[in-house]
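Heads up: the sequence shown is residues 1 to 570, going by UniProt numbering.
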Amino acid sequence: MSTTVILQQRRIEISQRERPFIVKWRLKFQRFVEENKRKLKLIFLCLALIGYFIYFGLAIKHSAKKAKALIVITPIVVAYLIYAQIRDRYGDLIFKHIIQPVFAIFKRNLVKWIFLSGILVALVLYLGLGVLKTRRQLQSILGLTFYTIIPYFTSKHRRHIKWRPVIWGYATQFLMAVIVLRWKPGYNAARFLSDELNTFLSYSFEGAAQVFGDPVFILHTGFFLLALITFIGAVVDILFYFGVTKFVITKMAFIMSISANITAVEAFGLVANIFLSVLETSLMIKPYIKKLTGSEFHTFLVGAHSTIAGWAFGLFVLFGVNPQHLLTGALISAPAAVAIAKLSWPETEISNYKNSHEVEVEESNDRSVVEAMANGAKQAAKGVTAIMLQIIAFLSLLDFLDTTLGWIGRRIGIKLSVQIIFSYLFVPFAWLIGIEWSECRAVSSLLGLKMLGNEVLAFLELGGIQQGEGPKLSEHAATLTTYALCGFSSFGTLAIFIGVWSSIDPPRVAQVGSQFLRLFLNANLACFSTACIAGILYDEDIASEKSQPSIIRAFFNLLPSYKDILDLLQ
Numbered sequence: 001m002s003t004t005v006i007l008q009q010r011r012i013e014i015s016q017r018e019r020p021f022i023v024k025w026r027l028k029f030q031r032f033v034e035e036n037k038r039k040l041k042l043i044f045l046c047l048a049l050i051g052y053f054i055y056f057g058l059a060i061k062h063s064a065k066k067a068k069a070l071i072v073i074t075p076i077v078v079a080y081l082i083y084a085q086i087r088d089r090y091g092d093l094i095f096k097h098i099i100q101p102v103f104a105i106f107k108r109n110l111v112k113w114i115f116l117s118g119i120l121v122a123l124v125l126y127l128g129l130g131v132l133k134t135r136r137q138l139q140s141i142l143g144l145t146f147y148t149i150i151p152y153f154t155s156k157h158r159r160h161i162k163w164r165p166v167i168w169g170y171a172t173q174f175l176m177a178v179i180v181l182r183w184k185p186g187y188n189a190a191r192f193l194s195d196e197l198n199t200f201l202s203y204s205f206e207g208a209a210q211v212f213g214d215p216v217f218i219l220h221t222g223f224f225l226l227a228l229i230t231f232i233g234a235v236v237d238i239l240f241y242f243g244v245t246k247f248v249i250t251k252m253a254f255i256m257s258i259s260a261n262i263t264a265v266e267a268f269g270l271v272a273n274i275f276l277s278v279l280e281t282s283l284m285i286k287p288y289i290k291k292l293t294g295s296e297f298h299t300f301l302v303g304a305h306s307t308i309a310g311w312a313f314g315l316f317v318l319f320g321v322n323p324q325h326l327l328t329g330a331l332i333s334a335p336a337a338v339a340i341a342k343l344s345w346p347e348t349e350i351s352n353y354k355n356s357h358e359v360e361v362e363e364s365n366d367r368s369v370v371e372a373m374a375n376g377a378k379q380a381a382k383g384v385t386a387i388m389l390q391i392i393a394f395l396s397l398l399d400f401l402d403t404t405l406g407w408i409g410r411r412i413g414i415k416l417s418v419q420i421i422f423s424y425l426f427v428p429f430a431w432l433i434g435i436e437w438s439e440c441r442a443v444s445s446l447l448g449l450k451m452l453g454n455e456v457l458a459f460l461e462l463g464g465i466q467q468g469e470g471p472k473l474s475e476h477a478a479t480l481t482t483y484a485l486c487g488f489s490s491f492g493t494l495a496i497f498i499g500v501w502s503s504i505d506p507p508r509v510a511q512v513g514s515q516f517l518r519l520f521l522n523a524n525l526a527c528f529s530t531a532c533i534a535g536i537l538y539d540e541d542i543a544s545e546k547s548q549p550s551i552i553r554a555f556f557n558l559l560p561s562y563k564d565i566l567d568l569l570q
């Protein structure tokens with residue numbers, strides 16, 4: 001052994017002997033943690049759970065009403081933890097010995113038809129004995145039939161229609177609607193969730209007050225738009241950074257792809273569009289878009305434009321629209337999009353993404369939660385600019401058209417405007433979703449404004465009506481109209497998104513343009529079918545309690561009026 005090596009070993013031995021006492025204990029502690037990491041983690045989790053349940057019990061003892069959120073969230077988290085343990089330990093055995101045999105049984109044609117016949121009989125009995133009581137519910141059934149026949153007769157490949165995704169779409173939509181519209185606990189759960197979201201969105205005004213000054217000066221819709229959508233954009237990106245968005249989307253998409261017999265990409269796109277905008281969803285699945293079949297791409301587009309994104313929920317609540325029905329409409333329109341799209345454009349090609357494991361949602365590129373928040377706010381700011389520019393352009397154009405039509409009408413002694421034309425043009429669509437004849441013109445005007453104008457303007461108008469401005473609508477009519485408007489399917493919005501596709505996947509622009517009218521029709525039919533389902537099931541007795549007022553109205557109620565200011569000055 002060389003002299004150099006011997007000297008180095010001697011130095012190491014001396015340094016170890018002379019090592020300070022605290023360093024030795026630190027090394028021992030590190031070794032202990034490494035050797036007992038699993039046990040320590042288990043002890044920590046047990047202590048955390050014990051501490052949480054002590055806190056949970058004290059919160060309920062203090063005030064069960066104030067602890068409502070904890071009472072709702074805790075069982076869900078506990079159920080998921082139990083599910084995760086069972087999945088990790090026995091998931092493969094359960095799938096092999098229980099799930100696979102059940103699937104094999106249901107693949108037999110005889111079992112399928114018996115099962116479907118049983119569901120049909122149960123549905124008829126349920127509707128006949130417990131639901132159908134008024135004429136307008138029959139209108140909604142007629143409307144649902146009509147809105148199903150249209151995509152069937154305009155189908156691109158009628159002979160290749162596969163009825164499983166169609167039946168699944170309507171059945172899932174109906175079941176979800178029964179839970180939130182006919183079942184009191186489900187209705188209360190949807191109300192609770194929407195009210196909590198309403199409260200959460202109101203926190204955006206604190207940031208706006210700090211930036212723009214005292215709340216008394218925040219009097220313009222543009223400031224509210226900027227504050228609200230920037231806040232939502234930051235929160236969405238933070239959730240995406242922590243993997244919450246990915247987790248929810250992948251689990252829901254897995255269930256949807258298996259039960260509806262649709263491909264993994266279709267399921268991912270449909271579920272993601274409930275929570276994210278079309279642009280964000282498209283970027284998430286961008287690596288797979290190029291290999292989508294024509295039917296898959298059309299289903300993705302219909303799903304994207306028949307629901308509303310998270311930021312739009314906040315925007316429309318800001319206008320005064322009922323948050324509960326907005327939330328419900330966004331959820332139950334997704335399965336309707338599957339049914340309508342698969343009727344209109346059935347699959348005739350071989351998909352590249354049949355299994356969910358073939359599709360992986362991209363992870364967040366942000367390096368920290370602060371970066372995620374900043375990028376989300378920055379991306380949202382671009383969206384705010386686009387929305388405000390759209391509103392300015394459409395309102396200006398609408399005013400010009402109203403003035404022009406008014407001038408033309410006065411020449412022959414009649415009152416004429418865009419709203420009046422819409423109020424007559426879309427009356428059949430309004431009546432078919434279940435609106436009383438006396439209210440059809442008012443609803444028709446909103447449908448026309450949304451389809452041929454812009455959904456933001458339509459919801460702005462509806463919010464004003466629900467807050468007591470303009471023509472009066474019954475609670476039933478306003479609810480059904482909310483469902484009918486709940487989607488980015490206006491002519492103007494679809495035209496704008498053709499330009500968006502030029503940046504996402506340029507070769508797809510021509511395909512989007514070629515199916516523009518089919519997409520426009522099917523996305524709106526999905527929204528109308530959702531309104532029909534709501535018309536069949538909506539129960540005014542269950543919905544008798546008043547929802548929370550619009551957050552913008554509640555906020556303005558806190559501001560001093562000009563009389564209060566004069567009193568202070570005197």
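Using N, Cα and C, we set each Cβ at its ideal position, and we do this for glycine too.
None of the values given here were measured: they were computed from a predicted structure.
- Taking C-beta atoms as the reference points, residue 171 and residue 306 fail to come closer than 9 Å.
- Ranked by Cα distance from residue 451, the first of 168, 330, 430 and 336 is 430.
- Along the stretch 37-117, the alpha helix (DSSP H) occurs as fully enclosed runs of 4 or more residues at 37-62, 68-94 and 100-106, listed in sequence order.
- The stretch 138-151 makes no contact with the stretch 224-244: fewer than 3 CB pairs, one atom from each, lie closer than 8 Å.
- Ranked by Cα distance from residue 159, the options 181, 343, 229 and 435 are led by 343.
- In the structure shown, the three-state DSSP call for residue 440 is helix.
- Remark: C-beta atoms of residue 263 and residue 368 do not approach each other more closely than 9 Å.
- Residue 505 sits in coil when the DSSP states are folded into three classes, being neither helix nor strand.
- Runs of the alpha helix (DSSP H) lying entirely within the stretch 391-459, each at least 4 residues long, are 418-425, 427-432 and 440-452 in chain order.
- Within the same chain, 319 come within 7 Å of residue 460 by CB-CB distance, once the 5 residues on both sides are set aside.
- The Cβ-Cβ distance between residue 329 and residue 534 falls below 9 Å.
- With contact defined as three or more Cβ pairs closer than 8 Å, the stretch 429-449 and the stretch 478-488 are in contact.
- Between residue 432 and residue 146, the C-beta gap is smaller than 9 Å, which places the two residues in contact.
- For residue 497, the CB contacts under 7 Å within the same chain, skipping 5 residues up- and downstream, are 278 in chain order.
- If you draw a 10 Å sphere on the C-beta of residue 536, you find 16 or more other C-beta atoms in it, and that means buried.
- Straight-line measurement puts the Cα of residue 61 at about 25 Å from the Cα of residue 186.
- Its chain contains 344, 518 and 521 as the residues whose beta carbon lies nearer than 8 Å to that of residue 154, once the 5 sequence neighbours on both sides are disregarded; these appear in chain order.
- A distance of 9 Å or more separates the beta carbons of residue 539 and residue 379.
- Between residue 453 and residue 396 the beta-carbon gap is near 12 Å, outside 8 Å, which marks them as no contact.
- Distances from the CA of residue 338 to each of 495, 424, 235 and 163 were compared; the closest alpha carbon is that of 163.
- Boundaries cannot be given for residue 540, as no alpha helix (DSSP H) includes it and DSSP labels it neither H nor E.
- For residue 321, the three-state secondary structure derived from DSSP is coil.
- Taking all protein chains shown into account, residue 455 has 16 or more neighbouring C-beta atoms within 10 Å of its C-beta and is therefore buried.
- Where residue 184 is concerned, the enclosing alpha helix (DSSP H) starts and stops at 184-201.
- Linking residue 84 to residue 466 through their CA atoms gives a straight-line distance of about 44 Å.
- Scanning 513, 464, 401 and 408 for the CA closest to the CA of residue 418 turns up 401.
- In the three-state DSSP reduction, residue 157 falls in the coil class, being neither helix nor strand.
- Comparing alpha carbon positions, the residue from 232, 239 and 301 closest to residue 266 is 301.
- Nearest Cα to residue 309 within the set 31, 70, 99 and 229: 229.
- By the Cβ-count criterion, residue 288 is buried, with 16 or more other Cβ atoms from all chains shown falling within 10 Å of its own Cβ.
- For residue 350, there is no enclosing alpha helix (DSSP H), since its DSSP letter is neither H nor E.
- In the three-state reduction of the DSSP assignment, residue 141 falls in the helix class.
- Around the C-beta of residue 53, fewer than 16 other C-beta atoms lie within 10 Å, and the residue is accordingly described as exposed.
- Under the three-state reduction of DSSP, residue 365 is assigned to coil, being neither helix nor strand.
- Between residue 334 and residue 420 the beta-carbon gap is near 34 Å, outside 8 Å, which marks them as no contact.
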